[in-house]
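Peer 1:
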Amino acid sequence: MEIHKFEIFLSLASTLNYSETAVKMYTTQSNISKQILALEKDLGVSLFVRAHRKINLTPAGNILIPYARELLHDYEAMQIKLEDYKDEQNLTLQLRTIPTMPNYLSFTYVSEFFQKHPEVHLILKEEESNRLLTSLRQDQCDLIFARTFNFVEDGFERIVTERDKFVAVLPSSHPLAKEKQLDIKQLSTERFLLLGPTTKLLKPVIELCRRAGFEPNITYQGTRVDLLMGMVEKGMGISIVMKKIANSFDSKKLVEVPLVNTIDNQLSFIRKIGAHSHASNIFWDFLKTKTKR
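With this note's numbering, letter number 91 in the sequence shown gets 91, and the count goes up by one each step, no holes.
#1: Which first and last residues belong to the beta strand (DSSP E) in which Q138 is found?
#2: Using the beta-carbon count (16 or more within 10 Å), is S111 buried or exposed?
#3: Could you name the residues of the same chain whose beta carbon sits closer than 8 Å to that of N261, not counting the 5 residues immediately before and after it, in chain order?
#4: Below 8 Å on the Cβ atoms is my guess for I36 versus F9; work out the distance and round it to an integer in Å.
#5: Please state the DSSP three-state secondary structure of R50.
#6: Would you list the residues sitting across from Y220 in a DSSP beta bridge?
#7: What three-state label does DSSP hand S33 in the structure shown?
#8: Just verifying my parser: in three-state terms, what is the DSSP assignment at S251?
#9: Measuring CB to CB, does I159 end up less than 7 Å from F269?
#10: To which residues does DSSP link K125 through a beta bridge?
#11: Quick check on DSSP: helix, strand or coil for L57?
#12: When you compare the CB positions of A13 and I65, do they come within less than 7 Å of one another, or not?
#13: Taking 7 Å as the threshold (C-beta atoms), are A177 and V255 in contact?
#14: Return the Cβ separation of K125 and R96 in integer angstroms, given the expectation that the two are a contact with Cβ distance under 8 Å.
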């Protein structure tokens, strides 16, 4: 028996009017009559008494009402459960990441995973660091790849895949370019060219400087690493960036110098704690095997 017949029955039992029920069900009066007759035939009972232009429920019709309601409720609950199951089995993985992800080993992990699991469809989107956790909270993605400094966030779990640290990037002609390492105090009189607040790298650099007892003279803030490095090459100032970002620029005009004092930066895949799609769980288990090595 079609579930739609019970929907029509309950509507007609409520209105006791074929015309009104037809409007509610977006169909014709003749179709309503046809569906009710078919249901009566299926059940082997009369559900309505038809007299002149009026109809009323029969005793059998009154008996059917609570069961029809329960049947429709269970059918709706079943559909919701099946949709949840299909979502869990979904083999699409939505990953949002910092723009500099290709500079990290984690990018290799992603590549390896999709070579091993071609059945999983990846939707990869770059996003600035300050937006990543918001996107995850709002269920706009399955997981994120992000930099984390002193990560304390309830409701999330993460896998740390690698670490990075700050280094000073100087023009090769700079007086300090030949130093094996630098105390950031030695840069207190320099012009700082830095990645801005949306990258979440500005605040830690300012914190490093303040710990050393000075306020940095910041003459540029931006999001484009290539532009930043170009400005350093031209002698417009110095920069403090992540080592693995600096390593991606092969230029004889730039020198990378380690810092004595730095802040630990963990690169992590992060997702919400709770139920996840099948694709998300496969990827998460893969990451666990890679990071145990």
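We put the CB at the ideal spot given by N, CA and C, even for glycine.
Peer 2: Looking at the atomic coordinates:
#1: Here Q138 belongs to no beta strand (DSSP E), and DSSP marks it neither H nor E.
#2: exposed
#3: D183, I184, L208, R211, A212
#4: 7 Å
#5: strand
#6: L193
#7: helix
#8: coil
#9: yes
#10: R96
#11: strand
#12: yes
#13: yes
#14: 5 Å
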